Amino acid sequence: MVPPDQVLAFETEMTKAGADWQVHAYGNTMHAFTNPAANNPDFGTMYDEVAERRTYQALANFLDEIF
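Given below as structure tokens:
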């Protein structure tokens with residue numbers, strides 16, 4: 413999805429800017445992993461129930477924090 417060197421560059425830039433930032437990585441997932449209809453690994457898409465649950469929990473935590 414995003415090459416490691418670009419993630420590191422982003423982390424460095426955000427830290428230098430004094431930003432409050434986070435990066436969440438979901439291993440062994442493909443694009444569209446929150447879409448139950450995604451079922452085409454040859455195309456690079458596949459639903460992942462565990463990653464979906466973790467993603468929505470991270471979103472809920474973020475929204476709780478800012479509102």
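Just so you know, we're using my numbering here: the sequence shown kicks off at 413 and counts up by one. Even glycine gets a Cβ: it sits at the ideal position worked out from N, Cα and C. Just so it is clear, the structure is predicted and the values come from calculations on it, not from any experiment.
Euclidean distance between Cα positions of T441 and P416: Looking up residue 441 in the sequence shown gives position 29. Looking up residue 416 in the sequence shown gives position 4. Taking the straight line joining both Cα atoms gives about 15 Å.
Taking all protein chains shown into account, decide if D460 is buried (16 or more other Cβ within 10 angstroms of its Cβ) or exposed. Here the question's residue 460 lines up with position 48 in the sequence shown. Counting the other Cβ atoms within 10 Å of the Cβ of D460 gives 16 or more, which makes it buried.
Look up T457 in the DSSP assignment and give the residues it is bridged to. Mapped onto the sequence shown, residue 457 falls at position 45. In DSSP, T457 forms a bridge with H443, N452.
With H, G and I counted as helix, E and B as strand and the rest as coil, what does DSSP make of Q469? Reading the sequence shown from its first residue, position 57 is the one you call residue 469. In the structure shown, the three-state DSSP call for Q469 is helix.
Where does A437 fall in DSSP's three states? Here residue 437 corresponds to residue number 25 of the sequence shown, with the count starting at 1. Residue state, collapsed to three classes: coil.
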